[in-house]
Amino acid sequence: MRYLAATDGDQTNEVLLEYLEPRLRPADTVHVVQSFEGQGEAAVVEEDSDKYVRGREALDGLAERLGESADVRTHQLARGNEPHEDVLQFAHEHDVDEIVLGIRQRPGTKRALFGSTAEAVLQGADRPVVALPLPDS
C-alpha cells in the first residue's frame with residue numbers, strides 16, 4: 002500500500018500516527034508531504050527560515066516514528082502551487098493508494114468543517130482520502 006500523509010506540524014503528525022501505525026506493513030510506503038503555499042511561480046523558501054525548519058522537523062519526526070513499520074519518504078514541496086494542488090499532483094505522480102490528512106473543527110461548531118485545503122483535496126481526489134479530526138487547539 003502507498004500512502005500520502007499530508008502534514009503541517011506536530012498536531013497533525015499525532016493523528017496521522019494514530020491512524021497509520023496499526024495499518025502499516027513492512028512492504029508499505031508512506032510519502033510524508035508538506036507543501037509551501039505558492040504564488041504561481043515556484044515558492045521560495047530559505048532553508049534557514051523558521052517555516053522551513055518547522056516543516057522539516059515535522060516531516061522528520063513523523064518519518065522517524067513511522068520508519069520502523071514501513072518505507073517512509075519525506076517531501077517538502079515548493080512548486081508554487083496551493084497546498085491542495087501539491088497533494089493531488091503528488092498523489093497522482095506517485096500513484097498513492099490513499100491520501101491521509103487532518104481536519105480542524107471550527108470554533109463554535111459541533112461537527113468538523115473542512116478548511117479550504119482539506120475540502121479541495123476531498124473534492125478533487127481520484128482515490129480514497131481519509132480526513133482525520135484534529136484535537137482542539
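For reference, each letter of the sequence shown is one residue, going 2 to 138 in my numbering. Just so it is clear, CB atoms sit at the ideal spot from N, CA and C, and this is done for glycine as well. Model, not experiment: these values are computed from the prediction.
So which of the options has the shortest CA-CA distance to residue i?
| i | options | result |
| --- | --- | --- |
| residue 2 | 135, 128 and 132 | 128 |
| residue 135 | 95, 27, 14 and 56 | 14 |
| residue 75 | 85, 81, 59 and 89 | 59 |
| residue 86 | 69, 18 and 120 | 120 |
| residue 62 | 18, 137 and 94 | 18 |
| residue 24 | 38, 57, 69 and 53 | 69 |
| residue 102 | 82, 130, 126 and 91 | 130 |
Tell me whether the beta-carbon of residue i lies closer than 9 Å to the beta-carbon of residue j.
| i | j | result |
| --- | --- | --- |
| residue 123 | residue 67 | no |
| residue 71 | residue 26 | yes |
| residue 73 | residue 5 | no |
| residue 30 | residue 84 | no |
| residue 50 | residue 80 | no |
| residue 32 | residue 93 | no |
Would you mind giving the Cβ-Cβ distance between residue i and residue j, rounded to the nearest angstrom? I have them listed as a contact below 8 Å.
| i | j | result |
| --- | --- | --- |
| residue 34 | residue 89 | Not a contact, Cβ separation roughly 11 Å. |
| residue 139 | residue 100 | Lying outside 2 to 138, the shown extent of the chain, residue 139 is not represented and no answer is given. |
| residue 55 | residue 116 | Actually they do not touch by this definition, with Cβ atoms about 19 Å apart. |
Excluding sequence positions up to five away, which residues of its chain have a Cβ less than 6 Å from the Cβ of residue i?
| i | result |
| --- | --- |
| residue 7 | 34, 88 and 102 |
So, for residue i: in the same chain, excluding its five sequence neighbours on each side, which residues have a beta-carbon less than 8 Å away from its beta-carbon?
| i | result |
| --- | --- |
| residue 12 | 103, 135, 136 and 138 |
- Can you list, in chain order, the stretches of the beta strand (DSSP E) that have 3 or more residues and sit fully within the stretch 54-122? 72-78 and 99-104
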